[in-house]
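Numbering (our numbering), first residue to last: 1382 to 1459.
Using N, Cα and C, we set each Cβ at its ideal position, and we do this for glycine too.
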Amino acid sequence: ETDSTLAFYGSDGFHPSPMGTYMAALVMFEQLTDRSPVGLPATVVTRSNVTISLAPATAAFLQQVAAETNSRYASASH
């Protein structure tokens, strides 16, 4: 909702883009670790050796949005 120019879905309109995958991972990271995603790296290498790299400013923005989303919508008993 905050920035409609961000592409969270791939060309099929269903599967996540690398940015969408990064965003989902940020939300899950906080849910699983109880630690804020703010400050995590802008580049991630997956187990299958795929690199997801975002501009640092975009990554910082998504990290903040993920933290706010968890704060607003996450269950207290995750």
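For Val1408, the uninterrupted alpha helix (DSSP H) segment begins and ends at 1399-1414. Three or more beta-carbon pairs drawn from the segment 1402-1410 and the segment 1438-1447 are found closer than 8 Å, and the two stretches are therefore classed as touching. Here Ala1440 is buried. Its C-beta has 16 or more other C-beta atoms within 10 Å.
A contact between stretches requires three or more CB pairs, one per stretch, nearer than 8 Å, and the segment 1417-1430 meets this requirement with the segment 1395-1408. DSSP, reduced to helix, strand and coil, places Thr1427 outside both helices and strands of the structure shown, so it counts as coil.
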